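K.L.:
Dropping the structure in here first, questions after.
In our numbering, the protein residues as written are 3 to 301.
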(Lines of atoms letter the chains of each structure in order from A and count residues from 1; the text may use other names and numbers.)
(Lines give C-alpha, C1' and ligand atoms only; values in the text may rest on other atoms or scores of the structure.)
Protein backbone atom coordinates (compact mmCIF):
# COMPACT_ATOMS: atom_id res chain seq x y z
CA UNK A 1 0.00 0.00 0.00
CA UNK A 2 1.22 3.51 -0.85
CA UNK A 3 1.99 5.65 2.24
CA UNK A 4 -0.54 8.32 1.20
CA UNK A 5 -3.32 5.71 1.05
CA UNK A 6 -2.40 4.49 4.53
CA UNK A 7 -2.41 8.07 5.80
CA UNK A 8 -5.87 8.67 4.31
CA UNK A 9 -7.06 5.54 6.10
CA UNK A 10 -5.57 6.84 9.36
CA UNK A 11 -7.40 10.11 8.71
CA UNK A 12 -10.66 8.13 8.72
CA UNK A 13 -9.56 6.67 12.07
CA UNK A 14 -9.09 10.21 13.36
CA UNK A 15 -12.60 11.18 12.26
CA UNK A 16 -14.09 8.21 14.09
CA UNK A 17 -11.96 8.78 17.20
CA UNK A 18 -12.92 12.45 17.18
CA UNK A 19 -16.51 11.46 17.87
CA UNK A 20 -15.55 9.58 21.03
CA UNK A 21 -15.13 12.79 23.07
CA UNK A 22 -18.79 13.66 22.56
CA UNK A 23 -20.23 10.14 22.81
CA UNK A 24 -18.10 9.18 25.83
CA UNK A 25 -19.21 12.31 27.66
CA UNK A 26 -22.84 11.35 26.89
CA UNK A 27 -22.28 7.75 28.01
CA UNK A 28 -20.69 8.75 31.33
CA UNK A 29 -23.97 10.38 32.39
CA UNK A 30 -25.48 6.89 32.75
CA UNK A 31 -22.63 4.67 33.96
CA UNK A 32 -19.20 4.72 35.56
CA UNK A 33 -16.04 5.07 33.40
CA UNK A 34 -14.83 1.48 33.85
CA UNK A 35 -18.31 0.08 33.15
CA UNK A 36 -18.44 2.08 29.93
CA UNK A 37 -15.00 0.83 28.87
CA UNK A 38 -15.81 -2.81 29.74
CA UNK A 39 -19.03 -2.74 27.71
CA UNK A 40 -17.27 -0.97 24.84
CA UNK A 41 -14.47 -3.55 24.66
CA UNK A 42 -16.83 -6.52 25.18
CA UNK A 43 -18.86 -5.37 22.19
CA UNK A 44 -15.70 -5.00 20.08
CA UNK A 45 -14.37 -8.36 21.31
CA UNK A 46 -17.64 -10.09 20.40
CA UNK A 47 -17.49 -8.65 16.89
CA UNK A 48 -13.87 -9.85 16.58
CA UNK A 49 -14.96 -13.39 17.47
CA UNK A 50 -17.85 -13.28 15.00
CA UNK A 51 -15.87 -11.93 12.04
CA UNK A 52 -12.36 -13.30 12.72
CA UNK A 53 -13.09 -16.63 14.45
CA UNK A 54 -11.40 -18.70 11.73
CA UNK A 55 -8.19 -16.66 12.04
CA UNK A 56 -7.94 -17.35 15.78
CA UNK A 57 -7.51 -21.13 15.66
CA UNK A 58 -3.69 -21.02 15.71
CA UNK A 59 -1.95 -17.97 17.16
CA UNK A 60 1.83 -17.97 17.59
CA UNK A 61 3.35 -17.19 21.03
CA UNK A 62 5.05 -14.13 19.51
CA UNK A 63 1.74 -12.74 18.23
CA UNK A 64 0.11 -13.40 21.63
CA UNK A 65 2.91 -11.44 23.32
CA UNK A 66 2.55 -8.56 20.85
CA UNK A 67 -1.23 -8.51 21.19
CA UNK A 68 -1.04 -8.40 24.99
CA UNK A 69 1.44 -5.50 24.94
CA UNK A 70 -0.72 -3.54 22.48
CA UNK A 71 -3.89 -4.40 24.41
CA UNK A 72 -2.52 -3.27 27.78
CA UNK A 73 -1.34 0.02 26.26
CA UNK A 74 -4.64 0.41 24.39
CA UNK A 75 -6.75 -0.39 27.47
CA UNK A 76 -4.61 1.68 29.83
CA UNK A 77 -4.82 4.68 27.52
CA UNK A 78 -8.60 4.46 27.29
CA UNK A 79 -9.08 3.96 31.05
CA UNK A 80 -6.95 6.99 31.91
CA UNK A 81 -8.48 9.14 29.16
CA UNK A 82 -12.07 8.18 30.07
CA UNK A 83 -11.52 8.84 33.78
CA UNK A 84 -9.80 12.10 32.89
CA UNK A 85 -12.72 13.18 30.71
CA UNK A 86 -15.07 12.68 33.66
CA UNK A 87 -13.16 15.25 35.72
CA UNK A 88 -11.98 17.77 33.11
CA UNK A 89 -13.38 19.70 30.16
CA UNK A 90 -13.58 18.42 26.58
CA UNK A 91 -11.21 21.17 25.33
CA UNK A 92 -8.55 20.39 27.94
CA UNK A 93 -8.91 16.65 27.33
CA UNK A 94 -8.58 17.20 23.57
CA UNK A 95 -5.46 19.36 23.94
CA UNK A 96 -3.72 17.08 26.45
CA UNK A 97 -4.54 13.99 24.36
CA UNK A 98 -3.06 15.84 21.38
CA UNK A 99 0.23 16.08 23.28
CA UNK A 100 0.77 12.53 22.05
CA UNK A 101 2.15 14.33 18.96
CA UNK A 102 5.32 15.79 20.54
CA UNK A 103 5.80 12.75 22.83
CA UNK A 104 5.70 10.11 20.06
CA UNK A 105 8.98 11.11 18.31
CA UNK A 106 10.90 10.63 21.57
CA UNK A 107 9.25 7.27 22.27
CA UNK A 108 9.87 6.22 18.65
CA UNK A 109 13.56 7.10 18.92
CA UNK A 110 13.81 5.29 22.28
CA UNK A 111 12.24 2.03 21.04
CA UNK A 112 13.17 1.90 17.36
CA UNK A 113 16.60 3.57 17.68
CA UNK A 114 15.77 5.44 14.47
CA UNK A 115 16.30 9.12 13.74
CA UNK A 116 13.34 11.34 12.84
CA UNK A 117 13.53 13.41 9.66
CA UNK A 118 13.73 17.21 9.87
CA UNK A 119 10.32 17.87 8.31
CA UNK A 120 8.54 15.60 10.77
CA UNK A 121 10.14 17.53 13.64
CA UNK A 122 8.99 20.85 12.16
CA UNK A 123 5.52 19.42 11.57
CA UNK A 124 5.27 18.29 15.20
CA UNK A 125 6.20 21.76 16.52
CA UNK A 126 3.75 23.56 14.20
CA UNK A 127 0.93 21.08 14.89
CA UNK A 128 1.41 21.42 18.67
CA UNK A 129 1.20 25.22 18.38
CA UNK A 130 -1.97 24.93 16.32
CA UNK A 131 -3.46 22.47 18.79
CA UNK A 132 -2.86 24.87 21.67
CA UNK A 133 -4.38 27.83 19.78
CA UNK A 134 -7.38 25.74 18.72
CA UNK A 135 -8.24 24.36 22.16
CA UNK A 136 -6.83 27.20 24.34
CA UNK A 137 -7.16 25.07 27.47
CA UNK A 138 -7.44 26.80 30.84
CA UNK A 139 -4.60 25.47 32.98
CA UNK A 140 -5.05 27.92 35.85
CA UNK A 141 -6.72 25.13 37.81
CA UNK A 142 -5.03 21.80 37.15
CA UNK A 143 -7.26 18.95 38.31
CA UNK A 144 -6.83 15.16 38.64
CA UNK A 145 -8.59 14.68 35.29
CA UNK A 146 -5.87 16.67 33.54
CA UNK A 147 -3.12 14.55 35.11
CA UNK A 148 -4.89 11.28 34.22
CA UNK A 149 -5.29 12.47 30.61
CA UNK A 150 -1.62 13.44 30.48
CA UNK A 151 -0.67 9.94 31.66
CA UNK A 152 -2.82 8.49 28.87
CA UNK A 153 -0.77 10.34 26.22
CA UNK A 154 2.30 8.26 27.12
CA UNK A 155 0.24 5.09 26.70
CA UNK A 156 -0.88 6.32 23.25
CA UNK A 157 2.67 7.26 22.21
CA UNK A 158 3.97 3.80 23.16
CA UNK A 159 0.92 2.17 21.54
CA UNK A 160 1.52 3.93 18.20
CA UNK A 161 5.24 3.10 18.29
CA UNK A 162 4.77 -0.57 19.20
CA UNK A 163 2.06 -0.89 16.54
CA UNK A 164 4.73 0.13 14.03
CA UNK A 165 7.30 -2.26 15.51
CA UNK A 166 4.96 -5.28 15.59
CA UNK A 167 3.28 -4.85 12.19
CA UNK A 168 6.07 -3.45 10.00
CA UNK A 169 6.85 -5.81 7.14
CA UNK A 170 3.91 -8.11 7.86
CA UNK A 171 1.15 -8.52 5.26
CA UNK A 172 -0.68 -11.47 6.81
CA UNK A 173 -4.40 -10.81 7.25
CA UNK A 174 -4.59 -13.55 9.87
CA UNK A 175 -2.03 -11.77 12.05
CA UNK A 176 -3.93 -8.49 11.73
CA UNK A 177 -7.16 -10.21 12.81
CA UNK A 178 -5.36 -11.92 15.69
CA UNK A 179 -3.83 -8.67 16.94
CA UNK A 180 -7.22 -6.92 16.80
CA UNK A 181 -8.81 -9.71 18.88
CA UNK A 182 -5.92 -9.89 21.37
CA UNK A 183 -5.93 -6.13 21.92
CA UNK A 184 -9.55 -6.16 23.07
CA UNK A 185 -9.01 -9.31 25.14
CA UNK A 186 -5.96 -7.84 26.93
CA UNK A 187 -7.64 -4.46 27.43
CA UNK A 188 -10.55 -5.93 29.43
CA UNK A 189 -8.78 -7.13 32.65
CA UNK A 190 -7.38 -3.66 33.60
CA UNK A 191 -10.86 -2.17 33.17
CA UNK A 192 -12.46 -4.94 35.28
CA UNK A 193 -9.80 -4.53 38.01
CA UNK A 194 -10.41 -0.76 38.02
CA UNK A 195 -14.15 -1.34 38.38
CA UNK A 196 -13.69 -3.74 41.32
CA UNK A 197 -11.00 -1.67 43.05
CA UNK A 198 -12.41 1.84 42.62
CA UNK A 199 -15.99 1.97 41.37
CA UNK A 200 -17.94 -0.66 43.32
CA UNK A 201 -18.96 1.71 46.17
CA UNK A 202 -20.29 4.28 43.68
CA UNK A 203 -21.38 1.88 40.93
CA UNK A 204 -24.19 3.18 38.74
CA UNK A 205 -25.73 1.91 35.52
CA UNK A 206 -28.82 3.12 33.67
CA UNK A 207 -29.50 1.54 30.28
CA UNK A 208 -30.84 4.57 28.43
CA UNK A 209 -31.12 5.22 24.66
CA UNK A 210 -28.25 7.73 25.03
CA UNK A 211 -25.99 5.11 26.62
CA UNK A 212 -26.88 2.52 23.95
CA UNK A 213 -26.04 5.05 21.21
CA UNK A 214 -22.75 5.99 22.91
CA UNK A 215 -21.75 2.34 23.33
CA UNK A 216 -22.71 1.47 19.75
CA UNK A 217 -20.58 4.31 18.38
CA UNK A 218 -17.61 3.66 20.68
CA UNK A 219 -17.75 -0.14 20.50
CA UNK A 220 -18.54 -0.75 16.83
CA UNK A 221 -17.07 2.23 14.97
CA UNK A 222 -14.47 3.76 17.31
CA UNK A 223 -13.11 0.44 18.64
CA UNK A 224 -13.76 -2.53 16.34
CA UNK A 225 -13.60 -0.78 12.94
CA UNK A 226 -10.91 1.71 13.95
CA UNK A 227 -8.61 -0.97 15.39
CA UNK A 228 -8.91 -3.04 12.21
CA UNK A 229 -7.95 -0.04 10.06
CA UNK A 230 -5.18 1.12 12.40
CA UNK A 231 -3.61 -2.33 12.78
CA UNK A 232 -3.82 -2.93 9.01
CA UNK A 233 -2.34 0.31 7.65
CA UNK A 234 -0.01 2.01 10.14
CA UNK A 235 2.85 -0.22 8.96
CA UNK A 236 2.88 1.73 5.66
CA UNK A 237 3.70 5.08 7.27
CA UNK A 238 5.71 6.24 10.31
CA UNK A 239 4.57 6.57 13.95
CA UNK A 240 5.35 10.31 13.89
CA UNK A 241 3.14 10.88 10.84
CA UNK A 242 0.42 8.72 12.41
CA UNK A 243 0.54 10.85 15.57
CA UNK A 244 0.36 14.04 13.47
CA UNK A 245 -2.74 12.73 11.69
CA UNK A 246 -4.32 11.78 15.02
CA UNK A 247 -3.70 15.35 16.25
CA UNK A 248 -6.70 16.40 14.11
CA UNK A 249 -8.93 14.59 16.62
CA UNK A 250 -9.98 17.71 18.60
CA UNK A 251 -10.95 19.50 15.39
CA UNK A 252 -13.21 16.60 14.44
CA UNK A 253 -14.63 16.62 17.98
CA UNK A 254 -15.51 20.29 17.67
CA UNK A 255 -17.04 19.87 14.19
CA UNK A 256 -19.28 17.14 15.60
CA UNK A 257 -20.19 19.43 18.49
CA UNK A 258 -21.26 22.04 15.91
CA UNK A 259 -23.45 19.49 14.12
CA UNK A 260 -24.92 17.78 17.19
CA UNK A 261 -25.21 20.53 19.80
CA UNK A 262 -24.94 23.64 17.58
CA UNK A 263 -21.64 24.94 18.96
CA UNK A 264 -19.95 27.70 16.92
CA UNK A 265 -16.23 28.00 16.14
CA UNK A 266 -14.64 31.43 16.52
CA UNK A 267 -11.80 32.98 14.50
CA UNK A 268 -9.14 31.78 16.99
CA UNK A 269 -10.31 28.19 16.62
CA UNK A 270 -10.29 28.44 12.82
CA UNK A 271 -6.74 29.86 12.97
CA UNK A 272 -5.58 27.08 15.29
CA UNK A 273 -7.13 24.45 13.02
CA UNK A 274 -5.37 25.95 9.99
CA UNK A 275 -1.99 25.99 11.78
CA UNK A 276 -2.47 22.41 12.99
CA UNK A 277 -3.31 21.27 9.47
CA UNK A 278 -0.24 23.15 8.20
CA UNK A 279 1.89 21.00 10.51
CA UNK A 280 0.54 17.91 8.77
CA UNK A 281 1.25 19.38 5.33
CA UNK A 282 4.79 20.36 6.33
CA UNK A 283 5.53 16.83 7.53
CA UNK A 284 3.96 15.28 4.42
CA UNK A 285 5.09 17.65 1.65
CA UNK A 286 8.38 19.01 3.07
CA UNK A 287 10.61 16.15 1.81
CA UNK A 288 9.05 16.28 -1.68
CA UNK A 289 9.47 20.06 -1.95
CA UNK A 290 13.08 19.74 -0.79
CA UNK A 291 13.77 17.15 -3.52
CA UNK A 292 12.05 19.34 -6.12
CA UNK A 293 14.17 22.37 -5.17
CA UNK A 294 17.36 20.30 -5.34
CA UNK A 295 16.46 19.02 -8.82
CA UNK A 296 15.88 22.55 -10.11
CA UNK A 297 19.21 23.72 -8.69
CA UNK A 298 21.11 21.05 -10.61
CA UNK A 299 19.42 21.71 -13.96
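Glycine residues also receive a C-beta, built at the ideal position from the N, C-alpha and C atoms.
A quick note: this is a predicted structure, and the numbers were derived from the prediction, not measured.
So, are the CB atoms of residue 245 and residue 103 less than 8 Å apart?
P.N.:
Walking along the chain shown from the start, residue 245 turns up at place 243. Walking along the chain shown from the start, residue 103 turns up at place 101. For residue 245 and residue 103, yes; Cβs fall inside 8 Å.
K.L.:
What span of residues does the alpha helix (DSSP H) with residue 176 cover, start to end?
P.N.:
Within the chain shown, numbered from 1, the residue matching residue 176 stands at position 174. Here the alpha helix (DSSP H) through residue 176 covers 175-196.
K.L.:
Over the uninterrupted alpha helix (DSSP H) stretch that includes residue 104, give me the two end residues.
P.N.:
Taking the first residue of the chain shown as position 1, residue 104 is located at position 102. Looking at the DSSP string, the run of the alpha helix (DSSP H) that includes residue 104 is 102-114.
K.L.:
What residues match up with residue 207 in a beta bridge as DSSP calls it?
P.N.:
The sequence position of residue 207 within the chain shown is 205, counting from 1. The partner list for residue 207 (beta bridge, DSSP) reads 33.
K.L.:
Between which residues of its own chain and residue 158 is the CB-CB distance below 7 Å, once the five residues before and five after are set aside?
P.N.:
Start at 1 with the first residue of the chain shown, and residue 158 comes out as number 156. Result list for residue 158: 79 and 102, in chain order.
K.L.:
Keeping to the same chain, check which residues put their C-beta closer than 7 Å to that of residue 45; ignore five residues upstream and five downstream.
P.N.:
By 1-based counting over the chain shown, the position of residue 45 is 43. Hits under 7 Å: 217, 221 and 222.
K.L.:
For my contact list, residue 33 and residue 225 are in at a C-beta cut-off of 8 Å; report their separation, rounded to the angstrom.
P.N.:
Looking up residue 33 in the chain shown gives position 31. Looking up residue 225 in the chain shown gives position 223. Between residue 225 and residue 33 the Cβ distance is about 16 Å, and since that is not below 8 Å, they are no contact.
K.L.:
What does the Cβ neighbour count give for residue 6, buried or exposed, with the cut at 16 atoms within 10 Å?
P.N.:
Taking the chain shown and counting its residues from 1, one reaches residue 6 at position 4. Exposed, by the Cβ-count rule.
K.L.:
So for residue 220, helix, strand or coil by DSSP?
P.N.:
Here residue 220 corresponds to residue number 218 of the chain shown, with the count starting at 1. In this structure, residue 220 counts as helix in the three-state DSSP scheme.
K.L.:
Tell me the residue span of the alpha helix (DSSP H) that contains residue 68.
P.N.:
Along the chain shown, read from residue 1 onward, the residue named residue 68 stands at position 66. Run containing residue 68: 63-89, per the alpha helix (DSSP H) assignment.
K.L.:
For the alpha helix (DSSP H) that residue 164 lies in, which residues bound it at each end?
P.N.:
Here residue 164 corresponds to residue number 162 of the chain shown, with the count starting at 1. Its alpha helix (DSSP H) spans residues 146-169.
K.L.:
Could you give the C-beta distance for residue 255 and residue 24, rounded to a whole number, given that I count them as a contact under 8 Å?
P.N.:
Numbered from 1 along the chain shown, position 253 holds the residue referred to as residue 255. Numbered from 1 along the chain shown, position 22 holds the residue referred to as residue 24. With 8 Å as the limit, residue 255 and residue 24 qualify as a contact, their Cβ atoms being about 6 Å apart.
K.L.:
Helix, strand or coil: which one does DSSP assign to residue 234?
P.N.:
Sequence index remark: in the chain shown, residue 234 carries index 232 (1-based). DSSP places residue 234 in helix when its eight states are reduced to three.
K.L.:
Drop a sphere of 10 angstroms on the beta-carbon of residue 72, count the other beta-carbons inside from all chains shown, and report buried for 16 or more, exposed for fewer.
P.N.:
For this step, residue 72 is matched to residue 70 along the chain shown. Buried: at least 16 other Cβ atoms inside 10 Å.
K.L.:
Using a 10 Å radius around the Cβ and a threshold of 16 neighbouring Cβ atoms, would you call residue 43 buried or exposed?
P.N.:
One-based indexing of the chain shown puts residue 43 at position 41. Residue 43 comes out buried.
K.L.:
So, are the CB atoms of residue 29 and residue 213 less than 8 Å apart?
P.N.:
Taking the chain shown and counting its residues from 1, the one referred to as residue 29 is at position 27. Taking the chain shown and counting its residues from 1, the one referred to as residue 213 is at position 211. In contact: residue 29 and residue 213 (Cβ atoms closer than 8 Å).
K.L.:
Could you check where the alpha helix (DSSP H) with residue 248 kicks off and where it finishes?
P.N.:
Taking the chain shown and counting its residues from 1, one reaches residue 248 at position 246. Here the alpha helix (DSSP H) through residue 248 covers 241-248.
K.L.:
Could you say which of 209, 184 and 253 lies nearest to residue 67 if we only look at CA atoms?
P.N.:
Along the chain shown, read from residue 1 onward, the residue named residue 67 stands at position 65. With distances taken between Cα atoms, residue 67 lies closest to 184.
K.L.:
Once you ignore the five residues that flank residue 70 on each side, which residues in its own chain have a CB closer than 6 Å to its CB?
P.N.:
Here residue 70 refers to the residue found at position 68 of the chain shown. Only 188 meet the Cβ criterion.
K.L.:
Tell me the rounded alpha-carbon separation between residue 292 and residue 31.
P.N.:
Walking along the chain shown from the start, residue 292 turns up at place 290. Walking along the chain shown from the start, residue 31 turns up at place 29. Distance between the alpha carbons of residue 292 and residue 31: 51 Å.
K.L.:
Assuming the contact rule is C-beta atoms closer than 8 Å, residue 249 and residue 133 should be a hit. Round their C-beta distance to whole Å, please.
P.N.:
Within the chain shown, numbered from 1, the residue matching residue 249 stands at position 247. Within the chain shown, numbered from 1, the residue matching residue 133 stands at position 131. Indeed they touch by this definition, with Cβ atoms about 6 Å apart.
K.L.:
So what's residue 4 in DSSP terms, helix, strand or just coil?
P.N.:
Counting from 1 along the chain shown, the entry for residue 4 is found at position 2. Here residue 4 sits in coil by DSSP.
K.L.:
In whole angstroms, give me the CA-to-CA distance for residue 20 and residue 56.
P.N.:
Locating residue 20 in the chain shown gives position 18, counting from the first residue. Locating residue 56 in the chain shown gives position 54, counting from the first residue. Using only the alpha carbons, I get a separation of about 32 Å.
K.L.:
Which one of 108, 281 and 136 has the shortest CA to CA distance from residue 273?
P.N.:
In the chain shown, residue 273 corresponds to position 271, counting from 1. Nearest of 108, 281 and 136 to residue 273, Cα basis: 136.
K.L.:
Express the C-alpha separation of residue 258 and residue 211 in angstroms, rounding to a whole number.
P.N.:
Numbered from its first residue, the chain shown carries residue 211 at position 209. Numbered from its first residue, the chain shown carries residue 258 at position 256. Going by the C-alpha atoms only, they are around 19 Å apart.
K.L.:
Quick one: Cα of residue 1 to Cα of residue 271, how far?
P.N.:
Outside the displayed range of the chain (3 to 301) lies residue 1, so it cannot be described from this structure.
K.L.:
Taking 6 Å as the limit between beta carbons, can you name the residues of its chain near residue 165, skipping five residues before and five after?
P.N.:
Counting from one through the chain shown, the residue named residue 165 turns up at place 163. Closer than 6 Å at Cβ, skipping near neighbours: 236.
K.L.:
So, at 7 Å on beta carbons, what are the nonlocal neighbours of residue 76 in its own chain, with the 5 sequence-adjacent residues on each side left out?
P.N.:
Residue numbering aside, residue 76 sits at position 74 when the chain shown is read from its first letter. Correct list, in chain order: 161, 185 and 189.
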